[in-house]
């Protein structure tokens, strides 16, 4: 199956999942493509953030398959910005994966033996607003930046733990990959500041994890040139020309 066909399959499959996933505060017991009742607790829903809660953040929550009462809670972002938490749920560290032997019908879902939800309570989230199923009830609510993202995520966490008090004492970790590396650290700092200020509910933050993160524009982008040279992908004379040019600093953004 070609890459283009694979994308079409994924889009159609997610459309089939839509009525199952986006009902507010729902516990999902069955999914198209999975034979039988899901062997883990899957909850989906929206939490309102921002002034007047006009920004509605969609998320999926999977309880740990080991001991959810004591296992850590992980809030997981995907990159982009603009990549849905569903991509991590199905294609990264989630509890399910798609059978690649697609034959034209609904793709088969099977358990992911390496899913992080085997040992962690994981919240997969669609952020920033406008990502995936997250939306704003006002046009103004769609105007966002990384700072707003952090504030919305902090508000989300506070409200989520109010709705899920039994996880309040569990260790909390925040993580993400790619572009979300820019907001993971600041969000951890924001949570820590809230803890020091004794904001209720107290969030039991213990640390964070970032995967192939984007964290610094200058160094992350310019290191590609040094990497290409050290790996023998470009000759020394071209490397010297690039270093002597101020253009290479911003070329990846043009």
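Numbering (mature numbering (1 follows the signal peptide of the UniProt record, and there is no 0)), first residue to last: -24 to -1, 1 to 230.
Idealized CB from N, CA, C, for every residue including glycine.
On the DSSP letters alone, give me the boundaries of the beta strand (DSSP E) that residue 64 sits inside. Per DSSP, residue 64 belongs to no beta strand (DSSP E); it is in the alpha helix (DSSP H), 61 to 67.
Taking the continuous alpha helix (DSSP H) assigned at residue 127, which residues delimit it? 122 to 139
Residue 73 - partner residues in DSSP beta bridges: 86
Looking at the structure shown, is residue 19 part of a helix, part of a strand, or coil, going by DSSP? strand
Mind checking which residues open and close the alpha helix (DSSP H) that includes residue 198? 193 to 206
C-beta contact flag for residue 181 and residue 157 at 9 Å: no
What does the alpha-carbon distance come out to for the pair residue 194 and residue 148? 31 Å
State the Cα-Cα distance for the pair residue 130 and residue 189, rounded to the nearest angstrom. 20 Å
Inter-residue Cα distance where the pair is residue 144 and residue 81: 42 Å
Please classify residue 47 as buried or exposed, where buried requires at least 16 neighbouring CB atoms within 10 angstroms. With 16 or more other Cβ atoms from the protein chains shown falling within 10 Å of its own Cβ, residue 47 counts as buried.
Just tell me which of 31, 179, 217 has its CA closest to the CA of residue 104. 31
Buried or exposed (CB count within 10 angstroms, at least 16 for buried), residue 55: buried
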